[in-house]
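To keep things clear, I will list the structure first and then write my remarks on it.
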Amino acid sequence: MTASDFLSRLRGRHNEGIVALTIVLLALIVGALNPGFLGLATVFNVLRNSYEPLLFALGVMLVLLMGGIDVSFDAVGIFAGYGTSVLAAHGLLGGHLWLMFLVSTLIGAGLGAINALIVSLGRLSILIVTLGTRGIFVGVMLTFVGSSFISDLPMSLQTFNIDYLYQTHTATGQLAGLQILVVPIAITCLLIDLGLRFTVIGRGIYAVGGSEEAARRAGFPVGMIKTIVFCCAGALAGAAGMVHVSLIGYANPQDIVGNELIVIAAVVLGGASIFGGRGSVLGTVLGVLLLELIQYCLIILGVQSSWDNVAIGVMIFVGIALQVKRAPGGRARVFAGGAKPSESPS
Amino acid sequence: MTGAAILSVDGIEKRFAGVHALAGVSLSLYPGKIHCLAGENGSGKSTLIKTISGVEVPDAGTITIGGQTYQGLTPRTGIRNGIQVIYQDLSLFPNLSIAENIAIAPIIARGRLRFSPAEARAIAERVAARIHVDLPFSALAADVSVAQRQLTAICRALAQDARVLIMDEPTTALTRREVDSLFATVKLLRAQGVSIAFVSHKFEEILSISDEITVIRNGRVVAEGPASGFDHASLSEAMTGQRVNALGRRRADETAAPEALRADRIGVEGLLQDVSLRLNHGEILGVTGLLGSGREAVAEALFGIHPITSGQISIDGRPCEIRQVSDAVAQGIGYVPGDRLSEGLFLNHSVAQNVIAASTDKIPRNMGLVTKRAVSAIARRMIKAFGIKTPSDSVAVRTLSGGNQQRVVLAKWFVDKPRILILNGPTVGVDIGSKREITSLLRNLSADGTAIIVISDDVPELAEISDRIIVMRDGVVASELHGADISESRILKELAA
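Heads up: the sequence lines are chains V and G, in that order. Per UniProt numbering, numbering of the first sequence is gapless, rising by one per residue and ending at 346. Per UniProt numbering, numbering of the second sequence is gapless, rising by one per residue and ending at 497.
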């Protein structure tokens with residue numbers, strides 16, 4: 001392998017290497033400015049903040065791979081999370097944590113299926129459909145499920161929060177721990193990555209994103225692939241909603257919706273192409289970590305929280321700029337498949 | 001004809017909303033033979049291919065394949081019988097690797113859930129070895145050359161056990177060398193018993209590689225037989241239905257006409273090194289060169305798309321600055337781009353709107369406002385002058401045939417007669433009949449005094465139309481041909497040098 005090949009491999013097909021490098025550099029710089037920053041406590045805290053956006057981001061990435069932009073994920077998340085909390089508060093779930101997560105995930109999958117149905121029936125663009133369902137899901141939730149705070153959640157949920165695999169302290173003496181949640185989330189990431197790379201359906205997702213028509217001609221079950229993707233994205237969002245509730249300790253129906261920017265920024269920064277067909281689990285994970293790290297650093301350095309949005313906005317530009325730069329001559333979308341403009345078919 | 005036909009169609013008829021696309025077409029394809037379907041746009045050749053591959057079902061007639069006779073095929077029956085079509089857009093997945101592109105369909109057909117990259121690689125290598133090609137299997141399809149993408153499409157067809165390979169205008173985007181390479185591959189497939197059918201309108205290629213030729217015109221077979229029985233003239237006549245005389249080469253008297261444009265050692269960073277050329281009024285200058293030679297960059301530099309970073313451009317003897325397109329237009333230069341669909345036309349807009357697009361300031365105004373009537377008047381004048389076949393000036397330009405679309409692009413610049421016209425590949429994707437007419441249109445325009453630069457890789461066309469030819473290589477002018485020097489063989493020699 002030549003030097004340039006090696007550098008390319010390191011950089012990663014979706015610029016994952018660059019994101020990883022940025023994470024390291026940022027940590028080092030802030031560590032220099034703020035001794036005590038570099039340490040396990042920081043890692044644990046950043047991780048803790050990343051679980052929820054990561055689950056959302058994975059779902060957004062899956063839909064983006066197919067060539068569509070899903071903006072309903074946060075609505076799905078809160079619907080599932082809050083809905084499950086309502087059920088739990090009424091004692092219907094027996095206080096079992098695993099059941100709560102299961103129910104939340106299933107609700108999310110169901111909402112994802114609704115998205116899939118509308119997209120296929122109306123033959124509408126995914127962006128438009130999810131813009132609509134976003135409003136519908138939240139509206140239905142507030143109207144029929146409930147609109148009040150739920151704070152008397154089962155004990156299992158409250159203790160789950162502080163169920164640490166490993167504990168340590170920050171420089172200022174606060175407790176920081178590696179939550180048990182990291183295990184199922186890591187497994188989820190691994191499963192999704194393996195699925196994308198080593199199953200026919202997984203390759204099919206990329207294929208549909210590359211050229212839906214060609215995917216049909218090749219024999220991919222395009223309709224089924226789309227449904228699976230939407231349901232998975234919904235399930236991930238549902239799980240994220242439950243993670244949100246468990247990390248905060250109460251269920252607020254006004255939560256989540258409104259914080260979607262960081263998720264989309266993370267996905268884009270992680271190398272997923274907004275035109276579809278490109279993206280990786282690793283890239284998405286790194287993208288989320290980088291953005292959460294930035295936010296954490298801003299807090300540590302005492303910067304006003306209003307700068308958060310500026311930082312995220314800048315990162316979205318950076319992420320997209322990196323993508324466009326890679327594409328030849330700015331005609332990224334036109335697949336230069338070789339055919340010069342030809343006669344209109346007859 | 002040795003052996004039985006592998007595919008036969010008999011009496012195929014197809015109507016589309018009143019248009020009789022196919023009116024009784026019969027032909028047979030044989031294993032180990034290369035069969036060309038020649039025809040102009042609108043002749044029905046595309047519909048015929050779609051019928052054969054199962055995308056369309058004929059209204060009448062039968063298709064016989066694999067010993068069975070069908071009233072119509074479905075894509076699945078077609079594939080099961082070994083019919084593979086490579087459309088002009090190749091239908092590859094730009095974001096998947098070459099190996100995946102080649103192997104994905106057979107892998108899906110195996111019905112498993114698991115996908116093994118190693119298996120895909122093995123399939124791809126096996127198929128590529130069969131036609132002696134070496135492809136970068138792990139590269140993404142979007143990152144390789146057009147020629148390699150085409151080979152990938154052929155491999156993909158072979159991976160699905162193609163017995164009949166149908167290619168739609170396969171050489172449109174290939175350089176000369178790549179075309180030769182493609183033909184070598186096709187001949188190899190022929191030797192292996194594959195039946196190959198390709199659609200083309202390029203005489204040279206049709207005559208050089210085909211075993212059999214079927215000419216289709218107006219939905220009917222008007223001529224068929226072994227390729228040896230055809231020549232340029234008979235092929236052209238069969239396709240257009242008209243006796244076409246080669247336009248006599250006109251050699252303008254170079255010294256007489258005043259100089260319209262001169263480029264002194266112009267360069268564009270990264271695209272052009274050092275180009276000097278001269279163009280007189282009423283002259284047609286042909287510019288050619290291989291891909292990457294800078295032949296298109298010359299046009300883009302003169303028109304201000306990629307302004308020059310060194311050297312000097314002079315118009316009518318006066319040095320001038322062309323820093324952007326509006327400067328060029330102000331100097332009376334018009335440009336017909338190579339990619340007319342994305343650079344030359346507003347596809348969803350009407351013919352009239354496209355025609356006036358470059359000269360909106362010349363439309364007579366009524367109290368400061370532009371009226372539809374004024375626009376229509378200009379549009380109708382140009383439609384007449386350029387022979388644009390369109391039901392009205394308000395239809396979307398997208399609905400016109402390629403030849404007529406190209407005329408719209410030309411007409412756009414002639415609303416306000418340009419002094420200098422630069423054309424990039426003016427007859428790419430245009431049917432034979434329109435090609436002839438556009439060529440003679442250009443002749444008339446130059447006779448009228450317009451100075452014309454034609455950039456093209458269509459050697460016969462250049463040889464016929466140009467008064468002078470410059471051959472580019474690596475960003476500089478490698479050689480110049482005038483007068484009697486101009487011949488197809490001489491141009492080819494300069495290109496290959």
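From the three backbone atoms N, C-alpha and C, an ideal C-beta is built for every residue, glycine too.
Between residue 123 of chain G and residue 103 of chain G, the C-beta spacing is below 8 Å. Taking a cut-off of 8 Å on C-beta distances, the segment 237-251 of chain V does not touch the segment 22-40 of chain V, as fewer than three cross pairs fall below it. At a cut-off of 8 Å between C-beta atoms, residue 281 of chain V does not count as an interface residue with respect to chain G. Per DSSP, residue 253 of chain V lies in no beta strand (DSSP E) segment and is marked neither H nor E.
Residue 198 of chain V has a beta carbon lying within less than 8 Å of a beta carbon in chain G. Spanning the alpha carbons of residue 278 of chain V and residue 294 of chain V requires a straight line of approximately 25 Å.
Taking 3 residues as the shortest admissible run, the segment 261-305 of chain G contains the following complete beta strand (DSSP E) segments, listed from N- to C-terminal end: 272-280, 284-289. DSSP places residue 87 of chain G in the coil class of the three-state scheme, outside both helix and strand. Shown in chain order are the members of the segment 102-118 of chain G whose Cβ falls below 8 Å from a Cβ of chain V: 104, 105, 107, 108, 109, 112, 113, 114, 115, 116, 117. Residue 115 of chain V: member of the alpha helix (DSSP H) spanning 97-122, first to last residue. For residue 209 of chain V, the neighbours in chain G by C-beta distance under 9 Å run, in chain order, 93, 95. Sorting V/252, V/133, V/289 by C-alpha distance to the C-alpha of residue 265 of chain V places V/289 at the top.
As computed with DSSP, residue 226 of chain G is found in a beta bridge with G/212.
Listed as beta-bridge partners of residue 479 of chain G by DSSP are G/471. When 8 Å is used as the limit between beta carbons, residue 278 of chain V is near these residues of chain G: 95, in chain order. For residue 100 of chain G, the chain V residues whose C-beta falls within less than 9 Å of its own C-beta are 203, 206, 207, listed in chain order. The segment 79-98 of chain G makes no contact with the segment 183-198 of chain V, as fewer than three CB pairs between them are under 8 Å.
For residue 21 of chain G, the enclosing beta strand (DSSP E) has its first and last residue at 19-29. The Cβ-Cβ distance between residue 5 of chain G and residue 28 of chain G falls below 8 Å.
The shortest CA-to-CA distance from residue 68 of chain G to any of G/30, G/59, G/12, G/7 is the one to G/7.
A residue is called buried when at least 16 other Cβ atoms come within 10 angstroms of its Cβ; residue 413 of chain G meets this threshold and is buried. Leaving aside the five residues that flank residue 56 of chain G on each side, the residues in its chain whose CB is nearer than 6 Å to its CB run, in chain order, 50.
Unbroken beta strand (DSSP E) stretches of 3 residues or longer found wholly inside the segment 126-201 of chain G: 164-168, 195-200, given in chain order. A contact between stretches requires three or more CB pairs, one per stretch, nearer than 8 Å, and the segment 329-340 of chain G meets this requirement with the segment 299-306 of chain G.
The closest CA to that of residue 433 of chain G, considering only G/452, G/406, G/420, is found on G/406. Cβ contact annotation for residue 146 of chain V (same chain, cutoff 6 Å, sequence separation greater than five): 86, in chain order. At the C-beta level, residue 128 of chain G and residue 134 of chain G come within 8 Å of one another. In the three-state scheme derived from DSSP, where H, G and I count as helix and E and B as strand, residue 405 of chain G is classed as helix.
With the criterion set as a beta carbon lying under 8 Å from some beta carbon of chain G, the segment 284-299 of chain V has no members that meet it.
Between the alpha carbons of residue 75 of chain V and residue 84 of chain V lies a distance of about 14 Å. Note on residue 6 of chain V: under 16 other CB atoms within 10 angstroms of its CB, so exposed under the neighbour-count rule.
Here residue 416 of chain G carries a coil assignment [DSSP, helix/strand/coil]. Between the C-alpha atoms of residue 92 of chain G and residue 211 of chain V there is a straight-line separation of about 8 Å. Here DSSP, grouped into helix, strand and coil, assigns residue 232 of chain G to helix.
Runs of the alpha helix (DSSP H) spanning 4 or more residues and lying entirely within the segment 353-389 of chain G occur at 372-386, in chain order.
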